[in-house]
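Novice:
Chains as they are written, first to last, in my numbering: chain P, 27 to 460; chain U, 35 to 355.
Right under this line is the structure:
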């Protein structure tokens, strides 16, 4: 039996409220002991100056396999996930073909097994081929490994279909993940509707397109007692409605993305399609409420909303380019910049949004360092300064607005089931500390 | 008799330091006045019979029109010829774009033929800004989607200045489809910088969000503001840019926002009527107004040529001083 010891780090496990210097012992892929006087191990990882926490979990990422592997494959996407500190990711089903049947979900798990990087949890389609007309084979998708259901970036426009979906998935006590947006109000939209869109002449998507849909979905969740998860919430009033709904015991969760915290609609002034995302980057007043929502628990998780696209599809006309950025490899430093450095969240709070929060949404048995849990562990140096270099990404794609940003906080080691699956290349390490 | 070829006075050109003309948002009042003054100098030369200069001889100006255009394209082409530049014309229809080439690669290919200035019309806001980063040539925005149309804004302002003497303190109203109008945005920037009071007027559905923050007043009752206007600029309803119905019918639009004889009689005696065109007679403007004594519509076309000559000429010397 191999004993792997992670020593000298600051261990933070929000699931148990644990935050203190400690050693973590891993045997046979399972955490067996956490404490001061453990050791030695057969193999040791020196975590001096680092935070040791549960591996990060992402509630929704897009890997483009099958269909458009030039953008991303399961292998490259999961490698990117590891480099960003993620040990589990849930994959959106908007591939080609759509993951709307058991075989598609099983294919995804097969490819994840072959890649042998992080854990992959399929999200199944709500409706066949994401057409919003007929429910997909939700029960069989569950048997194939799906953990929740979504039509990805296509909102479920028909309220009756959404109602049935929530009722049907309630049978299995699983969530519907919704991209809350009234499609007619967002059609052909490029950016947030407001002063900047007026200035640039780019077609806007009003904040109301989101919070009207949030309002409808919350009403349907109350009606059906189904589980609703709202993805990439970006609007002040959405947060306020979700807060009220939670107080009224409606089963709703939501997540926000780091880029919606770090950037505003002003970024589009350069007409760079790397700033085009869905939902669009909003104005400062909306960001302020997202942060309040993170602090008071209205927002349950932070998701990268990883959306890889090849360079050629992101270069050129901003209104023709697809929306989205690659996010998995920049979540940690962008969260540190937007949430830790301004003292909006503590380390315990931030790590909770990246671990136990998403684990509960996905209803998966991960996101903790409790003794007996699978040893999914991320070790990161919270103070290392580095420069984001898209060319060094593990993702196939480079579509990020954060290239060249001077940031701090770097992932050093990532373990999945006790195996070291990622270790930062020593040549990429910098010694600068702040 | 003056020679048909003449060199312009380089006075204004020495003060110009920009390589690209992407929008009036970027320009200072001084820079706008410089272009207007250069255009006025060309107009004076034309009045003396000087129809052509050699200043751009040996250079190539490419007209890259990724979106259909008649008057702007012709105007730019003629302006380049008046300066003795060679011109290359490109239209998206039937081009390599239909074979999947990106517009950046198309522009690069044409630039490689020795082009020093590129005039770009594109349906996407920001397309000229992207080309300005990608090309070595100077880029002139000839209209980018619903963003800006700087030379149209300049020719409108030139015409107002010519007819009214100055912009300072004058009330200029832009009427019509403000939401989808690149002409409106360029006009607003230019007019405000030169001291005019600007009102935008149209159906509430065609007034974009937070436009007041640009320093303009918003009106939806055209009749109530007609008597205040020194100049009324009637923008075309951009049916081709709209999705969905923004007003119930053309007849209702013309009733509420069309410039007709009744409204003209309630306007100031010397009110100036502009329309960037192409005009929809009977919609934005009735024939009696379009062809009447207050209308400067054809002057705008003439002035457009001078403005484009001025822009090509000034920008071609951006780093020569």
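Even for Gly, the Cβ is constructed at its ideal location relative to N, Cα and C.
Which partner residues of residue 265 of chain U appear in the DSSP bridge assignment?
Specialist: Note: residue 265 of chain U sits in a beta bridge opposite U/206, U/306.
Novice: Taking three-plus beta-carbon pairs below 8 Å as touching, is the region 392–412 of chain P in contact with the region 266–281 of chain P?
Specialist: With the cut-off at 8 Å, the region 392–412 of chain P and the region 266–281 of chain P do not touch.
Novice: Buried or exposed: where does residue 235 of chain P fall if 16 or more other Cβ atoms within 10 Å of its Cβ makes it buried?
Specialist: The residue is buried, with at least 16 neighbouring Cβ atoms inside 10 Å.
Novice: Would you mind reading off the limits of the beta strand (DSSP E) that contains residue 35 of chain P?
Specialist: Residue 35 of chain P -> beta strand (DSSP E) spans 29–39.
Novice: So for residue 404 of chain P, helix, strand or coil by DSSP?
Specialist: Note: residue 404 of chain P maps to strand in three-state DSSP.
Novice: What did DSSP end up calling residue 438 of chain P once you bin it into helix, strand or coil?
Specialist: In the structure shown, residue 438 of chain P sits in a strand (DSSP, three-state: E or B).
Novice: Among all the DSSP beta bridges, which residues are the ones paired with residue 53 of chain U?
Specialist: In the DSSP output, where bridge partners are listed per residue, residue 53 of chain U has none listed.
Novice: Roughly how many angstroms lie between the CA atoms of residue 56 of chain U and residue 242 of chain U, to the nearest whole one?
Specialist: Straight-line Cα distance between these residues: approximately 21 Å.
Novice: Between the alpha carbons of residue 108 of chain P and residue 447 of chain P, how many angstroms are there, rounded?
Specialist: When rounded, the distance between both Cα atoms is 7 Å.
Novice: Enumerate in chain order the residues of its own chain whose CB-to-CB distance from residue 168 of chain U is below 6 Å, with the five nearest sequence positions on each side excluded.
Specialist: Closer than 6 Å at Cβ, skipping near neighbours: 138.
Novice: Identify each residue in the region 345–373 of chain P for which the Cβ-Cβ distance to at least one residue of chain U is less than 8 Å, and report them in chain order.
Specialist: Listed by position, the residues of the region 345–373 of chain P near chain U (Cβ gap below 8 Å) are 345, 346.
Novice: In the DSSP assignment, the beta strand (DSSP E) including residue 150 of chain P goes from what residue to what residue?
Specialist: Unbroken beta strand (DSSP E) run through residue 150 of chain P: 145–150.
Novice: For the beta strand (DSSP E) holding residue 78 of chain P, just list the boundary residues, first then last.
Specialist: Per DSSP, residue 78 of chain P belongs to the beta strand (DSSP E) from 77–80.
Novice: Measuring straight from C-alpha to C-alpha, what distance separates residue 37 of chain U and residue 113 of chain U?
Specialist: Confidence at residue 37 of chain U is low in this model, with a pLDDT of 45, below 50, so its placement is unreliable and no value can be given for it.
Novice: Of all Cβ atoms in chain P, is any one closer than 7 Å to the Cβ of residue 54 of chain U?
Specialist: Cβ-Cβ to chain P under 7 Å: no for residue 54 of chain U.
Novice: In terms of DSSP beta bridges, what is residue 412 of chain P paired with?
Specialist: Bridge partners of residue 412 of chain P: P/433.
Novice: In whole angstroms, give me the CA-to-CA distance for residue 339 of chain P and residue 297 of chain P.
Specialist: Looking at the two C-alpha atoms, the distance is approximately 14 Å.
Novice: Using a Cβ cut-off of 7 Å, pull out every chain U residue sitting near residue 219 of chain P, in sequence order please.
Specialist: By Cβ distance, chain U contributes 243.
Novice: With 16 other CB atoms within 10 Å as the buried threshold, where does residue 130 of chain P fall?
Specialist: With 16 or more other Cβ atoms within 10 Å, it is buried.
Novice: State the DSSP-derived secondary structure class of residue 244 of chain P, mapped to helix, strand or coil.
Specialist: Correct three-state label for residue 244 of chain P: helix.
Novice: Would you mind working out which of U/231, U/250, U/227, U/230 sits nearest residue 224 of chain P, comparing C-alpha positions?
Specialist: When only C-alpha atoms are compared, the closest one is U/250.
Novice: Taking the straight line between their C-alpha atoms, what separation do you get for residue 175 of chain U and residue 112 of chain P?
Specialist: Their backbone Cα atoms lie some 45 Å apart in a straight line.
Novice: Using a Cβ-Cβ cutoff of 7 Å, what residues of the region 141–173 of chain U are near chain P? List them in chain order.
Specialist: Residues passing the 7 Å Cβ filter: 158, 159, 160, 161, 163, 164.
Novice: So residue 434 of chain U contacts chain P; which residues on that side make the cut at Cβ distance below 8 Å?
Specialist: What the structure shows of chain U is the stretch from 35 to 355, and residue 434 of chain U is not part of that stretch, so it cannot be assessed.
Novice: Any C-beta of chain U within less than 8 Å: which residues of the region 331–343 of chain P qualify?
Specialist: For the region 331–343 of chain P, which is checked against every Cβ of chain U, the residues closer than 8 Å are 338, 341, 342, 343.
Novice: For my contact list, residue 172 of chain U and residue 50 of chain U are in at a C-beta cut-off of 8 Å; report their separation, rounded to the angstrom.
Specialist: Not quite, the Cβ-Cβ distance comes to about 11 Å (not below 8 Å), so this is no contact.
Novice: Quick one: is residue 43 of chain P buried, meaning 16 or more other Cβ sit within 10 Å of its Cβ, or exposed?
Specialist: Residue 43 of chain P is exposed by the Cβ-count criterion.
Novice: With distances taken Cα to Cα, identify the nearest neighbour of residue 410 of chain P among P/390, P/76, P/434, P/185.
Specialist: That would be P/434, whose Cα lies nearest to the Cα of residue 410 of chain P.
Novice: Out of P/35, P/395, P/408, which has the shortest C-alpha to C-alpha gap to residue 55 of chain P?
Specialist: Among P/35, P/395, P/408, the Cα nearest to that of residue 55 of chain P belongs to P/395.
Novice: Can the beta-carbon of residue 414 of chain P be found closer than 7 Å to that of residue 356 of chain P?
Specialist: Yes, Cβ-Cβ distance for residue 414 of chain P and residue 356 of chain P is below 7 Å.
Novice: So that I know if they touch, is there some Cβ in chain U lying closer than 7 Å to that of residue 282 of chain P?
Specialist: So no, residue 282 of chain P is outside the interface.
Novice: State yes or no: is the beta carbon of residue 185 of chain U nearer than 7 Å to at least one beta carbon in chain P?
Specialist: By this cut-off, residue 185 of chain U is not an interface position.
Novice: Could you tell me which uninterrupted alpha helix (DSSP H) segments, each at least 4 residues in length, are contained entirely in the region 116–195 of chain P, listed from first to last along the chain?
Specialist: Whole alpha helix (DSSP H) segments, 4+ residues: 128–141, 164–169.
Novice: Out of P/199, P/248, P/167, P/95, which one is the CA nearest neighbour of residue 274 of chain P?
Specialist: Checking every option, the nearest Cα to that of residue 274 of chain P belongs to P/248.
Novice: Please classify residue 213 of chain P: is it buried, with 16 or more other beta-carbons within 10 angstroms of its beta-carbon, or exposed?
Specialist: Residue 213 of chain P comes out exposed.
Novice: Going along the chain, which residues of the region 216–239 of chain U sit with their C-beta nearer than 9 Å to a C-beta in chain P?
Specialist: So the close ones are 216, 219.
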